[in-house]
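Just so you know, UniProt numbering puts 207 at position 207 of the sequence shown, and the rest follows in order with no gaps. Shown next, in structure tokens, is the structure this report addresses.
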Amino acid sequence: MTPTSLTVTEPVHVGVARTITASAARAAGLPDRIADRVVIAASELASNLVKYGAEGLFTVFRSPSTLDLLATDRGQGIRDVEQSMRDGYSTHGSLGTGLGAVRRMADVFDLYSVPGAGTTALARWRITGADPLGVTLGTALVSAPGETLSGDACTVLRHGGITTAVVVDGLGHGRDAATAAAAAIARVAADPAAAPDALFSSLDADLARTRGAAVAVAQFDIVEGTLRYQGVGNITARLYPAGGKHESLVSAPGIVGRRQLRGRRTFPSVRPWQQGSWLIMHTDGVSERWDAASWPDVFDHDPAIVAGWLLGQYCRRRDDACVLAIAGGDPL
1 MTPTSLTVTE PVHVGVARTI TASAARAAGL PDRIADRVVI AASELASNLV KYGAEGLFTV
61 FRSPSTLDLL ATDRGQGIRD VEQSMRDGYS THGSLGTGLG AVRRMADVFD LYSVPGAGTT
121 ALARWRITGA DPLGVTLGTA LVSAPGETLS GDACTVLRHG GITTAVVVDG LGHGRDAATA
181 AAAAIARVAA DPAAAPDALF SSLDADLART RGAAVAVAQF DIVEGTLRYQ GVGNITARLY
241 PAGGKHESLV SAPGIVGRRQ LRGRRTFPSV RPWQQGSWLI MHTDGVSERW DAASWPDVFD
301 HDPAIVAGWL LGQYCRRRDD ACVLAIAGGD PL
């Protein structure tokens with residue numbers, strides 16, 4: 001599924017967060033007792049955004065193997081993270097109350113906080129019986145101000161030994177942009193293991209009925225140890241090889257759906273992919289002027305934390321925005 005996000009600033013938003021979380025938990029097929037815990041955790045995280053956060057964002061994302069709740073704010077941060085895990089502790093700077101309870105309820109809990117900058121917290125539940133993706137991932141998304149639908153979207157699918165990640169930026173924002181993004185996601189979902197050049201040919205045809213989009217596709221062959229990346233339009237992709245220097249993966253200019261790809265052969269970038277490798281993909285609603293070195297140890301955390309942190313700190317706040325972070329290796 002694509003992520004669902006909610007800007008959280010008022011108490012009424014806590015109820016909305018509970019509702020969208022309950023729906024996602026049912027869709028994931030979680031047992032009732034687990035689904036109840038997920039909803040309680042959503043209430044705790046969203047309540048903290050109302051009480052202590054600034055510019056709070058709540059995201060729900062269901063991958064084929066996990067269900068994630070992500071809370072991000074730009075508050076004052078938490079100076080003592082371990083203390084914030086104690087029951088009854090709170091701070092008026094950022095997320096604080098109830099984090100210990102959320103950690104106990106979740107299969108995976110992670111938190112990253114920088115005093116004076118903000119906090120991102122993740123609660124994750126595993127989906128029983130799901131096939132492993134071979135990668136760990138996380139995402140965060142926000143709609144343009146005043147819009148209820150986002151023209152940015154992403155998803156991750158696994159089929160035939162290939163894990164395929166796609167990030168889409170529908171042209172403009174609002175309903176028409178969301179329609180274009182949904183069409184792109186649907187096309188990839190119909191044949192996720194198709195070679196990137198074949199995917200883009202199909203995407204160009206399907207999106208001709210929409211206003212078009214920028215699209216980036218990354219395919220991971222875990223057995224072969226390779227990443228294949230191909231993009232058209234303004235999607236940023238930054239690869240951090242295990243133990244190596246990062247590089248930007250280049251997309252071709254153009255708009256998918258404008259028939260600009262006809263007769264123009266494009267080829268994917270092929271790179272080694274292994275445990276410890278990272279790929280960060282985001283739309284142009286997030287500034288490219290970020291540097292992981294500015295945030296100590298952020299890559300020691302879950303990719304969902306990285307995605308939420310980058311969105312929280314670098315979202316332009318005038319357009320839809322989406323970040324997808326992927327690391328080599330299965331989730332813990």
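From the three backbone atoms N, C-alpha and C, an ideal C-beta is built for every residue, glycine too.
Check the Cα spacing between residue 285 and each of 256, 171, 218: the tightest is with 171.
In the displayed model, residue 282 falls within a strand according to three-state DSSP. Distances from the alpha-carbon of residue 242 to those of 299, 137, 290 put 299 closest. Comparing alpha carbon positions, the residue from 326, 49, 204 closest to residue 229 is 326.
Remark: three or more beta-carbon pairs, one from each stretch, lie closer than 8 Å, so the region 55-62 and the region 302-316 are flagged as touching. In terms of Cβ geometry, residue 105 and residue 41 form a close pair [threshold 8 Å]. For residue 15, the enclosing alpha helix (DSSP H) covers residues 12-27. Residues 39, 42, 43 of the same chain have their beta carbon placed closer than 6 Å to that of residue 18, with the five preceding and five following residues left out of the count.
Contact check for residue 47 against residue 77 fails: the beta carbons are separated by 8 Å or more. Rounded to the nearest angstrom, the gap between the Cα atoms of residue 134 and residue 218 is 14 Å. According to the DSSP assignment, residue 166 belongs to the beta strand (DSSP E) that extends over 162-170. The Cβ neighbour count for residue 296, taken over all protein chains shown within 10 Å, is under 16; the residue is labelled exposed. Residue state for residue 247 is assigned as strand, using DSSP reduced to three classes. For residue 61, the CB contacts under 6 Å within the same chain, skipping 5 residues up- and downstream, are 3, 68, 139 in chain order.
Residue 124 and residue 64 have their alpha carbons spaced roughly 13 Å apart. The C-alpha of residue 207 lies about 18 Å from the C-alpha of residue 149.
When DSSP reads this structure, residue 230 sits in a beta bridge with 217. Taking residue 147 as the centre and dropping the five residues before and after it, the same chain places the C-beta of 173, 174 closer than 6 Å to its C-beta, in chain order.
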